[in-house]
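Right, one structure below, let's go through it.
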Amino acid sequence: MAFACDTPRGLMVPVVRDAHTLTAGQLSVKMKELTAQAVKGTVSPDDLSGGTFTVSNLGGLGIESFTPVLNPPQVAILGVDSIQLKPVRREGRIEFIDAIGLSITFDHQVIDGAPARDF
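Numbering (my numbering), first residue to last: 708 to 826.
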């Protein structure tokens, strides 16, 4: 799994190898390590290649919606938007809930739309 990382040298996309085998806590630690290396300029070229799926989080910047751009040969990229209050109707009343928007861009030559939608 790769993730977009803003650095003084521009956007970098470090790769967390075997991310599916890590706990959420281990994944967080690895991402923080790679982010620090990317920002300092010490990230290994090997850590910037081989990703198949990227996560791009602009929510922390207050972005409510965006279309993430796929970086071939990766298969897909998930865009994570900011958390916004959303009005919902419950039992005839309007309540506000926290809601987060997600958007996915994927290579239709590699994956069909239905599995991408389901994800």
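For every residue, glycine included, the Cβ atom is placed at its ideal position computed from N, Cα and C.
- Per DSSP, reduced to three states, the secondary structure at Gln781 is coil, with no helix or strand assignment.
- Excluding the 5 residues flanking it on each side, Gln744 has same chain C-beta neighbours closer than 8 Å at Pro721, Val750, Ser751 and Asp754, in chain order.
- For the pair of segments examined, the segment 804 to 814 was found to touch the segment 767 to 787: the number of CB pairs separated by less than 8 Å reaches three.
- Thr749 sits in coil when the DSSP states are folded into three classes, being neither helix nor strand.
- In this structure, the beta-carbon distance from Gly766 to Ser735 does not fall below 8 Å.
- Pairing Ala731 with Val723, the inter-Cα distance amounts to about 12 Å.
- Under DSSP, Ser763 forms a beta bridge with Gly786.
- Judged by beta-carbon spacing, Phe760 lies within the 8 Å limit of Met708, meaning their Cβ atoms are closer than that value.
- Leu785 places its beta carbon less than 8 Å from that of Pro775.
- The Cβ atoms of Leu729 and Lys739 lie no closer than 8 Å to each other.
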